[in-house]
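When you number the sequence shown by full-length UniProt numbering, it's gap-free, plus one each residue, and the end is 265.
Glycine included, C-beta positions come from ideal geometry on N, C-alpha and C.
A short write-up of the structure that comes next.
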Amino acid sequence: MSSNKTEQGFVSFVSGGPGPIDLLTLRGKSRIESADVILYDALLDPSFLEIFPECAQILYVGKRAKEHYRTQDEINSLLVHYAHQGKRVVRLKGGDASIFGRLSEEIQTLETNGIPYEVIPGVSSVTTGASDLGISLTVRGLSRQIIILDGHTILEEERSWMGMENFPGTIVILMGSQKTKELAERLIRKGVSPSTPIVLLENAGSTRAVYTVSTLDKTQEEGLEKKTKGPGILYVGEVVRPLLLGENQKIESFSFLPFLSEPLQ
């Protein structure tokens, strides 16, 4: 997706993937390497520094739960400011920018100010986490649907639970690892079987990825305790049941890439 480029400033929304730089797309890497200004989010690995141009202006604008280095309004203003200077601006976001990345708000700001842009898709933490766990989010005859929920606000918006009753697919909840008891209770109340498996995966894409698996009824009572400070993803559904039979809580991977919530140094 892109708008018509002009000789004025141009903004590239680059989806950086779930953290590891080797999950960044080639197109995204190309835009980063040619940028004049980079505004980057949290949850990126320090190895991204290796491809940031030395002559580029680098600004950390990360937002984590209750830890906002820049407000959304400030980020919008920075995009407009540098684009009006004729800069090639990269807005580097974690995961895929189209999934809970507040992409539409920033695009609207650019369109209001007549600034051309493009959106470069990326690898989502949703699919990365499923790969780490060795599960498929869709299984013929078992799960033909996927719902992705925002754990930050879902408990406050009743309308977001519409259609969840007896949902026959896989439920993925981002940013909900601090509210596992409440989320399990609400899912059960909405008709999801109490015996349905649920898994909390932390640090998707990293060798520090670990998971904790349980069932909704036990989670409603005991919760799922986080083992690390990294981001967590909840997967709920029958596709998770094979993990209940496993005992190994460590997920092997090829690269160690710690997640950050502070500016890259």
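Query                                                                                                                                                            : Result
Would you be able to state if there are at least three C-beta pairs under 8 Å between the region 160-167 and the region 90-109?                                  : no
For Thr170, which three-state DSSP category applies?                                                                                                             : strand
Locate the beta strand (DSSP E) running through Glu118, then write down its first and last residues.                                                             : Tyr117 to Ile120
With a threshold of 16 other CB atoms inside 10 Å of the CB of residue 343, please say whether the residue is buried or exposed.                                 : As shown, the chain starts at 1 and ends at 265. That puts residue 343 outside it, with no answer to give.
Should Gly19 and Leu44 be called a contact, given that it needs their Cβ atoms to be closer than 8 Å?                                                            : yes
Could you give the distance in angstroms between the alpha-carbon of Ser34 and the alpha-carbon of Gly86?                                                        : 14 Å
Give me whichever residues DSSP pairs with Glu202 in a beta bridge.                                                                                              : Val210 and Gly232
Between Gly129 and Ile233, which are expected to be in contact by the criterion C-beta below 8 Å, what is the C-beta distance as a whole number of angstroms?    : 5 Å
Applying the criterion that 16 or more other CB atoms from any shown protein chain within 10 Å of the CB defines a buried residue, is Gln220 buried or exposed?  : buried
Closest to Arg208 by CA distance: which of Glu222, Ile146 and Pro231 is it?                                                                                      : Pro231
Taking the continuous alpha helix (DSSP H) assigned at Arg27, which residues delimit it?                                                                         : Leu26 to Glu33
Determine, using beta carbons only, whether Ala83 and Gly9 come nearer to each other than 8 Å.                                                                   : yes
Leaving out five residues before and five after Ser255 in sequence, what residues of the same chain have Cβ atoms less than 6 Å from its Cβ?                     : Bear in mind that a pLDDT of 34 at Ser255, under 50, signals an unreliable position, so the model cannot answer this.
If you compare alpha carbons, which of Ser77, Gly134, Ser143 and Asp22 is closest to Pro46?                                                                      : Asp22
Please list the segments of the alpha helix (DSSP H) lying wholly inside the region 144-192, counting only runs of 4 or more residues, in order along the chain. : 180-189
How about Phe13 and Ile154: are their beta carbons less than 8 Å apart?                                                                                          : no
Can you tell me the Cβ-Cβ gap for Leu187 and Gly151, rounded? I've got them flagged as a contact below 8 Å.                                                      : 12 Å between Cβ atoms; not a contact.
Beta carbon of Tyr69, beta carbon of Tyr40: below 8 Å?                                                                                                           : no
May I have the straight-line CA-CA distance separating Glu185 from Thr215, to the nearest angstrom?                                                              : 11 Å
Which whole runs of the alpha helix (DSSP H) in the region 63-96 are 4 residues long or more, in chain order?                                                    : 72-84
Compute the Euclidean distance between the alpha carbons of Ile148 and Tyr117, then round it to the nearest angstrom.                                            : 27 Å
Do Arg241 and Pro194 come within 8 Å of each other at the CB atom, strictly closer than that value?                                                              : no
In this structure, what does DSSP give as the bridge partners for Ser15?                                                                                         : Lys93
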